[in-house]
Amino acid sequence: MGRLITEAEVGVFAIAVTPFDTGGQLLVGDIETLVEFYVAAGVSGLTILGMMGEADKLLPEESLLVAERFLAAVSGRVPVVVGVSSPNPRSMGRLAGLVMDKGAAGVMIAPGGNLKHDAAVSDYVRTACEVVGERTPVVLQDFPQATGVQMPVTVLNSLVRDLPQIVMLKHEDVPGLAKLSRIRATVAEAGRRISILTGNGGLFLPQEMGRGADGAMTGFGYPEMLVGVVRLAREGRMDAAEDLFDAYLPLVRYEQQPVMGLAVRKEILFRRGVLSSASLRRPGYVLTREDRTDLDTMMNRLQRRLTSV
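Using this note's numbering, the letters of the sequence shown map in sequence onto residues 1392 to 1700.
Given below as structure tokens:
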């Protein structure tokens, strides 16, 4: 159906939310609407079943159903990366095989289990690459705030050098700008240059683009902003990229609050007519009346700012 991801990926791979109704049931009918929204925003690809896709709340058969529906709705227009991380290598390999057979462009893997030593991290990633199959492109997620796993640049370079199927790094370490610069400066140690897309809701996106990122793999209620910032930065128009980012910064910041951020994102997508329900599957944060008032104010201010430009 679609192509496989490569080391040359650029742009924005939107982290897609997973839609649920108020009772916690999957709203598979919303998936097509989500896909059309993301594609219309100009994304270069989609990433599904990630941490902000509530993958940890899905049953195995639900994960496969969600992947099938997204892949069918995308129909090869943009590459789709599927998160397959699991402490069970057999489960990881099974899901990876199924989604790749359905047309996925690659899989995303994040070392888990609070691995405390470089050797343990390396062993996990090498085992993961083995079980998903050497022909399956891999996005390696570096997100210690969520996983509890630190991956030094030396370890990353070693993995990239030894495992050709790792074609992309999802860089989310914080503070991470110096690390991003070092990865780009030591590309010779890794033996090749891979794509680096950044996360954290785009909170540091303009600066990350200046440090050598190729784009973003993240979510935000206004993905068109992420697309615009990356495009302008790649064109060398950094002032314009910063100006566009600044217009949305209050909402970027508000969405990045721990615990409640995904609830905010889903509420924005609901208000924009993309989701028929803003619900998270339990356990999940429920917005308060005051939270909703905050969003009223910020979304109205954004609209006024955009229309006045």
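Built from N, CA and C at the ideal position, the CB exists for glycine as well.
Inter-residue spacing [alpha-carbon to alpha-carbon] between residue i and residue j
i: Ala1519; j: Met1483; result: 7 Å
i: Glu1452; j: Gly1494; result: 17 Å
i: Asp1514; j: Gln1694; result: 49 Å
i: Met1559; j: Asp1509; result: 20 Å
i: Pro1674; j: Leu1449; result: 12 Å
i: Lys1561; j: Ser1699; result: 35 Å
i: Thr1684; j: Leu1678; result: 10 Å
i: Arg1584; j: Gly1524; result: 21 Å
i: Gly1627; j: Val1403; result: 17 Å
i: Ala1624; j: Pro1597; result: 7 Å
i: Val1490; j: Arg1622; result: 30 Å
i: Pro1555; j: Leu1568; result: 25 Å
i: Val1419; j: Gly1444; result: 13 Å
i: Thr1577; j: Asp1553; result: 15 Å
i: Arg1680; j: Val1471; result: 36 Å
i: Arg1696; j: Tyr1613; result: 14 Å
i: Arg1460; j: Gly1488; result: 16 Å
i: Leu1666; j: Ala1463; result: 18 Å
i: Asn1691; j: Ala1581; result: 47 Å
Run of the alpha helix (DSSP H) containing residue i, from where it starts to where it stops
i: Lys1657; result: 1652-1662
i: Ser1482; result: 1480-1493
i: Ala1631; result: 1629-1646
i: Thr1684; result: 1680-1699
i: Met1608; result: It is not in any alpha helix (DSSP H) - Met1608 instead sits in the beta strand (DSSP E) that spans 1606-1609.
i: Glu1580; result: 1578-1581
i: Pro1614; result: 1614-1625
i: Val1551; result: 1544-1553
i: Ser1513; result: 1509-1523
Where the beta strand (DSSP E) through residue i begins and ends
i: Ser1586; result: 1586-1589
i: Lys1561; result: 1557-1562
i: Ile1406; result: 1402-1406
i: Gln1598; result: No beta strand (DSSP E) contains Gln1598, which is instead part of the alpha helix (DSSP H) from 1596-1601.
i: Gly1474; result: 1471-1474
i: Ile1500; result: 1497-1500
i: Thr1532; result: In the sequence as displayed, the identity of residue 1532 is Gln instead of Thr. Run containing Gln1532: 1529-1533, per the beta strand (DSSP E) assignment.
Beta-carbon proximity list for residue i, same chain, < 7 Å, skipping 5 on both sides
i: Met1689; result: Pro1641, Leu1642, Tyr1645
i: Ala1501; result: Ser1476, Gln1532, Phe1534, Thr1538
i: Met1442; result: Ala1537
i: Val1469; result: Val1430, Val1434, Ser1435, Gly1436, Leu1437
i: Glu1340; result: Only positions 1392 to 1700 of the chain appear in this structure, which leaves residue 1340 out of reach.
i: Val1512; result: Pro1502, Leu1506, Val1540, Met1542, Val1546
Cutoff 8 Å; reference residue i; Cβ partners in own chain excluding five residues on either side
i: Tyr1676; result: Val1650, Met1651, Leu1653, Ala1654
Neighbourhood of residue i by C-beta distance below 6 Å, restricted to the same chain and skipping five residues each side
i: Ala1446; result: Leu1440, Gly1474
i: Val1522; result: Pro1480, Met1483, Gly1484
i: Gln1541; result: Pro1535
i: Phe1661; result: Ala1669
i: Val1465; result: Val1426, Val1471
Any chance the segment 1403-1415 sits against the segment 1652-1662, with 3 or more Cβ pairs inside 8 Å? Cβ pair count under 8 Å is three or more, so yes.
When you compare the segment 1424-1434 with the segment 1505-1516, are there three or more beta-carbon pairs, one atom per stretch, that lie closer than 8 Å? No: the two stretches stay apart, fewer than three of their Cβ pairs being nearer than 8 Å.
With three or more C-beta pairs closer than 8 Å as the rule, is the segment 1411-1421 touching the segment 1668-1676? Verdict: yes, contact present.
Complete runs of the alpha helix (DSSP H) confined to the segment 1411-1465 [at least 4 residues]: Counting only runs of 4 or more, we get 1420-1431, 1451-1465.
When the Cβ atoms of the segment 1637-1651 are set against those of the segment 1598-1607, are three or more pairs found closer than 8 Å? Flag = no, the segment 1637-1651 and the segment 1598-1607 do not touch.
Any 3 or more C-beta pairs closer than 8 Å across the segment 1605-1614 and the segment 1432-1443: Three or more Cβ pairs drawn from the segment 1605-1614 and the segment 1432-1443 lie within less than 8 Å of each other, which places the two stretches in contact.
Flag this pair as touching only if the segment 1533-1540 and the segment 1393-1403 have three or more C-beta atom pairs under 8 Å; answer yes or no. No: the two stretches stay apart, fewer than three of their Cβ pairs being nearer than 8 Å.
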